[in-house]
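J.: Residue numbers (this note's numbering), protein chains in the order written: chain P, 11 to 414; chain F, 471 to 800.
Before I ask anything, here is the structure I am working with.
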């Protein structure tokens, strides 16, 4: 009798505890809207790119909210200025996290800034989407960071393949900005040339951002006997001068394959006809044949009156990726006109897991697939600068290993 | 006289007590993070104040010393496996040594504008070395994964905890600045600022004191660099640029060059005000710029200098103290 009583009490307690656990797991928090943070260049030397990033993001945000938000919950994006510096970016992220209490966030497009933000993102366990392309960011193995732009390793590999397989060069010189972007890009292209084709650059020339005279670099390239040059530049102003001087020194017979900024409007304005014929590996091309991307271009131009570019498309892509992951994560619901979200920690964990499961998602930068490095974009466009603007040549997709 | 000194001591103790209590009152990690950055800038500005405010020399090297200190401390911890409490003094001494080696030829041969140009060059050279010595510094990509300080098992990995380390060094180094200013060495430095030739005639070894001022400012830069590296956990050469040197210079000038409290006020103001102005978005840079220009025009001796002048005028007019000192104060 006594034993039976103990058994009944134990079973009853187990049932109560089980039910209680189930109830607490189903706990939802009432919210007004779902908040996303964005560390943005609003002032400082790159404020113009920040404005473009904001427009790209708001295009998708407005579309999402016009369609009823996510499960009926409106989405709000809060922007904080990074002041164009690493300490400024840290303060901006801290403000988003602790003052605005955002649930997920965008980091920035500058790799060194993303590096500076990474420890906070990891400590706070907040899903963060970023646009910095440096491969070293993947090596951090931060489980909460996801990249929505082609990384330097992918672009470097595509650049090496195009130089050797499509243009048929073996004597190739390197010219790059000495900053993080330029150095990282050069290293990845040189690595791919060595690993895939056993080719070493005939000479490696670098310069500081803002250099006005490239005589020494062009003379060294000429003397090295190179038949082609690959260039990684950060500032379009520098790229334009580099191309002008290439012609002044009679070296425009050398094939030139450059990073994305070599096909920018600013580079073309400065370089004039000396830019014609230059190949560039760009995240985004206006002449893409992809119908989804063409639709995006039309929608963007209709809303803002100018064409999208790399700055606008990575934030559009990031927003599309976030919206898709939040939908799949099952973290938001609307009941009787009231909006609810799962507890913040659980919401963040579920969104991170959903981001990792992103597969074949159509975005303005191609199909997003999360790989083991938590990089989602693996395609890059090869274009050529021509008098009419740009000529789309091909889209190169580099093999990657899916997250699962 | 003793009464004034006692009052001052009480005032400073109250200030320290308030500073110690801040993490207990302020919950936001954002504000604590801003305070940590302000503390780091404060140490940088205090170092520049010895060189610029006490000795009257113009220079921009503080940002280079900040960078050297950051890398020395981070590399000492990563490569030499030093604990933070050894890495920080190592970084301070190493930066001091670099400052000393730069000061010897510079102070012997250069003055005024030429000296300023040399310091600008040093900032650029330092940045280029940090960017190009890839095997040691990882180049433009920067050094990630810098460990946080640990003491008796406590990991200083949040802005609240790290604040106590920042505050400790702020108090130590500000106290040192105070003692230095009122010492024989400090008086010799101030004599150089007022009239270098006259000081030399009076028997002050101007070269030795200028080298000492420069070296001390480098040590301060080294400490600030170490704190920055271990607070952020990541450093890269693009942080230590000329623009930051100008910001530190503004901190000293706006707070009041030559006053011990000048860098404290300047650093707090120029770090916290831009954060307060965040709600103005793109317009905050305009408001901030106009405010700095107005202060430079109407308060050429900085906030403390203006305060001192107002106080002196009141004493002269209300109490008839005709010989009340105008400059410099504490």
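Yeah, the Cβ is synthetic: ideal placement off N, Cα and C, and Gly gets one too.
Because the structure is a prediction, the values reported are computed rather than measured.
1) Taking a contact to mean a Cβ-Cβ separation below 8 Å, would you say residue 113(P) touches residue 288(P) in this structure?
2) Which bits of chain F does residue 189(P) rub up against, with CB to CB less than 9 Å?
3) Secondary structure at residue 660(F), three-state DSSP: helix, strand or coil?
4) Taking C-beta to C-beta, are residue 240(P) and residue 199(P) nearer than 8 Å?
5) If you reduce the DSSP assignment to three classes, tell me which class residue 358(P) lands in.
6) Can you pull the chain F residues whose beta carbon is under 7 Å from the beta carbon of residue 222(P), in chain order?
7) Under 7 Å Cβ to Cβ from residue 377(P), same chain only, skipping five residues before and after it: list those, please.
8) Might you give, ordered along the chain, the residues of its own chain that have their beta carbon closer than 6 Å to the beta carbon of residue 31(P), omitting 5 neighbours on each side?
9) Under 7 Å between beta-carbons, which chain P residues line up against residue 605(F)? List them in chain order, please.
10) Taking C-alpha atoms, which residue in 278(P), 231(P), 262(P), 259(P) lies nearest to residue 248(P)?
11) Alpha carbon to alpha carbon, what distance is there between residue 150(P) and residue 640(F)?
12) Can you tell me the Cα-Cα spacing of residue 676(F) and residue 565(F), whole angstroms?
13) What distance in whole Å lies between the Cβ atoms of residue 101(P) and residue 127(P), which are believed to be in contact at a cut-off of 8 Å?
14) Can you give the Cα-Cα distance for residue 73(P) and residue 110(P), rounded to whole angstroms?
15) Are there 16 or more other CB atoms within 10 angstroms of the CB of residue 603(F), so buried, or fewer, so exposed?
16) Please confirm if residue 194(P) has its CB atom under 8 Å from at least one CB of chain F.
17) How is residue 345(P) classed by DSSP in three states: helix, strand or coil?
18) Can you list, in chain order, the stretches of the beta strand (DSSP E) that have 3 or more residues and sit fully within the region 179-260 of chain P?
19) Of all Cβ atoms in chain F, is any one closer than 8 Å to the Cβ of residue 45(P)?
20) List the endpoints of the continuous beta strand (DSSP E) containing residue 705(F).
21) What is the DSSP secondary structure of residue 616(F), counted as helix, strand or coil?
22) Are residue 85(P) and residue 139(P) close, meaning C-beta to C-beta below 8 Å?
23) Return helix, strand or coil for residue 678(F), following the three-state DSSP convention.
24) Answer with buried or exposed for residue 653(F), where buried requires no fewer than 16 other C-beta atoms within 10 angstroms of its C-beta.
25) Scan the region 374-398 of chain P and note each continuous beta strand (DSSP E) run of 3 residues or more that stays entirely inside, going in chain order.
26) Of the residues that make up the region 149-176 of chain P, which ones have a beta carbon closer than 7 Å to any beta carbon in chain F?
27) In terms of alpha-carbon separation, which member of 94(P), 170(P), 217(P), 65(P) lies closest to residue 209(P)?
28) Distance check for residue 600(F) and residue 381(P), CA to CA, integer angstroms please.
29) Going by C-alpha to C-alpha distance, which of 738(F), 728(F), 683(F), 625(F) sits closest to residue 770(F)?
30) What's the call for residue 664(F), buried or exposed, on a 16-neighbour Cβ count within 10 Å?
31) Interface residues of chain F around residue 211(P) at Cβ under 7 Å?
32) With hydrogens ignored, establish whether the beta-carbon of residue 583(F) is closer than 7 Å to any heavy atom of the ligand PLP.
33) Please report the residue range of the alpha helix (DSSP H) in which residue 630(F) lies.
34) Nearest to residue 491(F) by CA position, among 631(F), 693(F), 699(F), is which residue?
35) Go to residue 318(P), then tell me how far its alpha helix (DSSP H) extends in each direction, as first and last residue.
36) Cβ atoms of residue 183(P) and residue 164(P): under 8 Å apart, would you say?
T.: This is what the structure holds:
1) no
2) 601, 610, 707, 708
3) helix
4) yes
5) helix
6) Per Cβ cutoff of 7 Å: no residues; residue 222(P) is ~15 Å from chain F at best.
7) 370, 371
8) With a pLDDT of only 45 at residue 31(P), under 50, the local geometry of the prediction cannot be trusted, and the value read off the model is given with reservation. So the list is empty, once near-sequence residues are dropped.
9) Those within 7 Å of residue 605(F) in chain P number zero; the least Cβ separation is about 13 Å.
10) 278(P)
11) 32 Å
12) 22 Å
13) Wrong, their Cβ atoms sit about 11 Å apart, outside the cutoff.
14) 23 Å
15) exposed
16) yes
17) strand
18) 182-187, 214-217, 238-242
19) no
20) From DSSP, residue 705(F) is part of no beta strand (DSSP E); its letter is neither H nor E.
21) coil
22) no
23) helix
24) exposed
25) 376-378, 389-396
26) 150
27) 170(P)
28) 33 Å
29) 728(F)
30) exposed
31) Neighbours of residue 211(P) on chain F: none; closest Cβ ~16 Å, over 7 Å.
32) This structure does not include the ligand PLP; it has no bound ligands of any sort.
33) 629-651
34) 631(F)
35) Note, residue 318(P): premise wrong, no alpha helix (DSSP H); not H, not E.
36) no
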